[in-house]
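First up is the structure itself, then whatever we jot down about it.
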């Protein structure tokens, strides 16, 4: 199989769109159902995320007056393409894409694209709420990226390489644990969950930065968010969960680990109120900073 | 911590949600849509008077019938009409009115027809008294003939009785068959 | 109707997103919408989500009397809802003005004269399960393609094709 | 209720004791439901969905009780001039709901609002209204009591059965959103106690002092009552007809909403929603 084909397969089928969309559906449903059960409610039926996206696909798109049509419609596509491409280079078992030197850097850049798309979506929508949401999203990404990037870079430091496969082969030690905790610290804000659901605070700014989106573009944003959730959980599993020599077992372990991480994050989200932007920022720069410093120190003393 | 304990407890308990088909029961005191009993109505108009949103009104077909009209799209379900109805012809059923496709124009409009009856004495069409009221008024069985009278004839009959009671003994009572003004 | 259209139609019924609009209500209907989200009624079991922006909504819940100032706002917000859409009127006020009828600033006319209303939920205020029932009914109309705005749209399309 | 009290004052009607008790019960149940609604919306405003769910589960118990007594969840229609329209035939049946309410408030709602670090981070020191500002802006009700002003019509000018049942007002000096939460939460506990005592001491007797539609003579009256959001003021003038010549209502929201202005100055945008929610604004009530 030529390299181009393997990339296409990785993006479109495994572990890309065809695999990630149903998994994202499952994970989103799991989160919503768990939240509902924790709150003593019945919760949505299993098909709910699917119905939401399908319904949005069948709706009219209203484009606000004075908005650049091209950018407005391109943003969700770019966002979806970027997360799918990012997922395609995560070395899940059976991924046809060969591991390249420096693919971690590519991955980290691709993971920033959906955030940028959200920020831009807020700004191009010409809605003041969208602009506030975009501003919050941008500032928050400055905050949570400190522990998030440090967790990955610490692992790369230990592995001595910016290659995903090398990361998986690092022998287990205290750095793994510390880096995993640092990663988990950043996860709620990356997933825009409580107490860091500041950019999509529905009672403060009505909706998140896609407030002016409707119909298929909104559906693409939802899909892109679902795949981002898959990407984050699977990235955590691939980097921090010990691998067995049998790839099929690995896959099951990764999926279960992803669901467990989601469960933990959801539990935190359900038991907390939303913080203010300054509080979240301070939290990430103080506690995230301390966690990052300890992790980096551990990589050095090892 | 209290929240964490609560939500973990919720996870262990069955959910508190009720399915759409299994909603909380409607208490017997619930004030739902109006029901009207034409056989008890005297068309006195008290309900239309006390109704703040003017959901009740009367129309008449002179000499034939009086109609009681109710429009649900104007009702505030306060229950004043039920409370003030002297003959208990109106009752707020505990059934919850369901959603409907048109209420603005021709939603639930109740119309209740009260047929007029000719007076057995003068023949004037009038709203008959409810059977229960008549039974209460004529319980003794006296003046049975007045049951079918119109209000004016009843008044006339009552005043005639009163007049006769003051007549000196031996005087001839007023002649039957006098007509009241119409 | 092909498979995809069928799936989309079913999705419209199973995922009705709500936008709430207070046209001049006494708050009674609004405080009865909030319990819909609470554990007992849990609107999420029917896929209902409450959204703050009309752009995300399928069904507009309108409560309250039509007033001089809210008439234009209702029209503006209704136009922002991407089709297909349905309108649910809550309580007696939208249909007649209820006790507020006759007040100088209240238009004592039916909401139907301003936007096409699909479902009326009587009550003052309606019980939460009646509101839930009304939303479910509107969602069913959306699936069948028989809300007033959908039928109007079809007519316009036909008219365009004929002329 | 306030309107009926004003009309009764004009006509010189004294309502029976049972009616006064039932009115007290309904007024306090209404306060419970209003405060719970407020607490739920407040929790939602700081993004605390789980707390909202717990509070609304409690609120449904209050709504059930109100519906069982009056026949409607919101529009009670209990009062008439001269007394009340409906009886509470079985007072003991409503006690379990009160127990559940007291338990839920004491074990979940109050500890969460006062101990959960994220909830405290959003409410403590936010939207401060000092005692001097509270006087200047003439706020009433829980907002005033959270700023250290001990004003409560139920205590200052007891009406209905409040003097008999004994009543303690809740006052906090801090004046921030947290203080308003605590004042309302403790008021709910006091309401539960009042309702319980009123239900247990419901004396037999007539429900109404008058029969049918009462005649209101020429006259005027002003009445103040403590509504859930604060002091409600009614002025009613009668010319002896079937409907009053003039009714002037000043609702608590009418004075509390402008007081948001000194609270929000210098606060971040994110806190705006919880600050304006903390005075429990009823926008519809300001339409005068």
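Residue numbers (my numbering), protein chains in the order written: chain S, 2 to 303; chain W, 217 to 398; chain F, 25 to 187; chain A, 389 to 676. Built from N, CA and C at the ideal position, the CB exists for glycine as well.
Query	Result
From residue 290 of chain S to residue 44 of chain F, what distance separates their C-alpha atoms?	43 Å
Let's see if you can read the secondary structure: which residues bound the beta strand (DSSP E) around residue 285 of chain W?	281 to 287
Give every residue of the same chain whose Cβ lies closer than 7 Å to the Cβ of residue 317 of chain S, excluding the five residues on either side of it in the sequence, and list them in chain order.	The requested residue 317 of chain S does not occur in the structure, where chain S is confined to residues 2 to 303.
Would you call residue 634 of chain A buried or exposed, if buried means 16 or more other Cβ atoms sit within 10 Å of its Cβ?	exposed
Out of curiosity, what's the CA-to-CA distance linking residue 22 of chain S and residue 123 of chain F?	52 Å
Would you give the residue range spanned by the beta strand (DSSP E) that residue 637 of chain A belongs to?	634 to 638
Please state if the CB of residue 184 of chain S and the CB of residue 141 of chain S are separated by a distance shorter than 8 Å.	no
Identify whether residue 359 of chain A lies in helix, strand or coil by the three-state DSSP scheme.	The displayed coordinates of chain A run from 389 to 676. Any statement about residue 359 of chain A would go beyond what the structure contains.
What are the start and end residues of the alpha helix (DSSP H) that includes residue 457 of chain A?	437 to 458
Which residue from F:164, F:98, F:127 and F:145 puts its Cα closest to that of residue 112 of chain F?	F:145
Within 8 Å (strictly less), CB to CB, does residue 458 of chain A reach chain F?	no
Establish whether the CB of residue 510 of chain A and some CB of chain S are separated by less than 8 Å.	yes
Could you tell me which chain W residues have their CB closer than 7 Å to the CB of residue 473 of chain A, listed as they occur along the chain?	299
Could you tell me which residues DSSP pairs with residue 171 of chain F in its beta bridges?	In DSSP, residue 171 of chain F forms no bridge with anything.
Could you give the C-beta distance for residue 150 of chain F and residue 114 of chain F, rounded to a whole number, given that I count them as a contact under 8 Å?	6 Å
State the DSSP-derived secondary structure class of residue 281 of chain S, mapped to helix, strand or coil.	helix
If you reduce the DSSP assignment to three classes, tell me which class residue 276 of chain W lands in.	strand
Output yes if chain W places a C-beta closer than 8 Å to the C-beta of residue 60 of chain F; else output no.	no
Does any residue of chain W bring its CB to less than 8 Å from the CB of residue 103 of chain F?	no
Please report whether the beta-carbon of residue 467 of chain A lies at a distance below 8 Å from any beta-carbon of chain W.	no
Can you give me the C-alpha to C-alpha distance between residue 59 of chain F and residue 18 of chain S, rounded to a whole angstrom?	38 Å
Cβ of residue 307 of chain S within 8 Å of Cβ of residue 534 of chain A?	Any property of residue 307 of chain S remains undetermined from this structure, which presents chain S solely from 2 to 303.
Is any beta-carbon of chain S found at less than 8 Å from that of residue 115 of chain F?	no
To the nearest angstrom, how far is it from the Cα of residue 51 of chain F to the Cα of residue 640 of chain A?	15 Å
Whose C-alpha, out of A:623, A:446, A:471 and A:469, is nearest the C-alpha of residue 484 of chain A?	A:446
Buried or exposed for residue 567 of chain A, going by 16 or more other Cβ atoms inside 10 Å?	buried
Any idea if residue 66 of chain S is buried or exposed, counting beta-carbon neighbours within 10 angstroms, 16 or more meaning buried?	exposed
Among S:277, S:278, S:230 and S:281, whose alpha-carbon lies nearest the alpha-carbon of residue 256 of chain S?	S:230
Given 8 Å as the limit, is there contact between the segment 649 to 667 of chain A and the segment 540 to 558 of chain A, that is, 3 or more CB pairs closer than that?	no
Is it buried or exposed for residue 331 of chain W, if we count other Cβ within 10 angstroms and need 16 for buried?	exposed
Return the residues of the segment 218 to 237 of chain W that lie within a Cβ-Cβ distance of less than 7 Å from chain S, sorted by chain order.	219, 220, 223, 226, 227, 229, 231, 232 and 233
Within the chosen definition, does the segment 427 to 438 of chain A reach the segment 496 to 513 of chain A through at least 3 CB pairs nearer than 8 Å?	yes
Nearest to residue 235 of chain S by CA position, among S:94, S:59, S:52 and S:82, is which residue?	S:94
Give me the chain A residues within the contact set of residue 292 of chain W, using Cβ-Cβ distance strictly less than 7 Å, ordered along the chain.	463
So which residues on chain F does residue 215 of chain S lean against when the C-beta distance must stay under 8 Å?	79, 80 and 106
Quick one: is residue 288 of chain S buried, meaning 16 or more other Cβ sit within 10 Å of its Cβ, or exposed?	exposed
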